[in-house]
Amino acid sequence: MDDDVATTAAGPATTRDGRDSRWERHREERRAALVDATIRAIRVHGAGVGMDDIAAEAGTSKTVIYRHFDDKAGLYRAVAERIDGRVVRNVGAALSRSSTPAADTRELVESTVEAYLALVESDTEVYRFVVNRPLVDRPLADDPVGGTVDQVTDQLTGLLLDSLRASATDPSRARTWAIALVGSVRAVADDWLATPESDRAPRASVVDSLTELAWHGLAPVLTSPTTTTS
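The sequence shown begins at 1 in the UniProt record's numbering and counts up by one.
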């Protein structure tokens, strides 16, 4: 009888767990769909998109959106995390290609710059939305953009360390140089987008300028089997 009681008691708990799991999946899917709708609204209305535009694109109400994200800052954070994930993947893929034996360190720098600016140019309004935070009217305790910068910096630091070890240069410089490179690319990207499109330099030109600036500073101390400093 005790076994029967235990089995019966476990039934509702198991059922509740299953329902909770399905409900959680539903919530995650709904949140993802609302982020998708927000990104579509940004592309249509620009970085200054309003909540009414977002709700209309999602085919729902602002009340429902707030139910899933608590407030505008919560929605902004979810969009920023989605876009920042793309930045990390794109730059990470570029760095992985540049870490092959056939690649030199200059190619590593160029690939990093190109990957970032290509993403910025391909989704300009969404990038502006993430950087300018039009929905956020208060400081955020956790900065998703800063977290992405840290991840990219970590990736670049690891690759620079290999060259520094090969050249017997102080490895502690790697992170300083990685921060400087990532920060300069981001600052140039922001200024580049602020320039009217008719006056904006081609992306290839900006990539070349940034690469040349970084390379002439790094080349004297970075070495790889195929690298030259000429």
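A virtual CB, placed ideally from N, CA and C, is assigned to each residue, including glycine.
In the DSSP assignment, the alpha helix (DSSP H) including residue i goes from what residue to what residue?
i, result
"G183", "R173 to A194"
"D52", "M51 to A58"
"L108", "T105 to S122"
"residue 240", "Nothing in the structure corresponds to residue 240, since the chain is present only between 1 and 230."
Spatial neighbours of residue i within its chain, please: C-beta separation below 8 Å, excluding the five flanking residues on both sides.
i, result
"L213", "S184"
"E125", "I42, R43, G46 and A47"
"V87", "Y116, L119, T148 and V152"
Note down the Cα distance separating residue i from residue j, rounded to an integer number of angstroms.
i, j, result
"L161", "L210", "21 Å"
"D52", "A37", "12 Å"
"D199", "A80", "28 Å"
"T105", "A174", "13 Å"
"W215", "R89", "23 Å"
"D154", "R31", "29 Å"
"T157", "E107", "15 Å"
"V188", "T148", "17 Å"
"I39", "A73", "15 Å"
"T176", "V49", "37 Å"
"R133", "D208", "29 Å"
"D70", "A78", "11 Å"
"A180", "R22", "46 Å"
"S61", "S172", "52 Å"
"D84", "E197", "24 Å"
"A178", "D123", "25 Å"
Look at residue i and residue j and say whether their C-beta atoms are less than 7 Å apart.
i, j, result
"W192", "V206", "yes"
"residue 239", "E121", "Since the first and last residues shown for the chain are 1 and 230, residue 239 lies out of range."
"L159", "Y76", "no"
In its own chain, which residues sit with a C-beta less than 7 Å from the C-beta of residue i, not counting the 5 before and 5 after it?
i, result
"L34", "A58, I65 and H68"
Skipping 5 residues on each side, what residues in its chain have a beta carbon closer than 6 Å to that of residue i?
i, result
"F129", "I42 and A47"
"T63", "none"
The segment 110 to 129 in contact with the segment 89 to 96 per 3-pair CB rule at 8 Å: yes
query: Given 8 Å as the limit, is there contact between the segment 50 to 69 and the segment 113 to 130, that is, 3 or more CB pairs closer than that?
result: no
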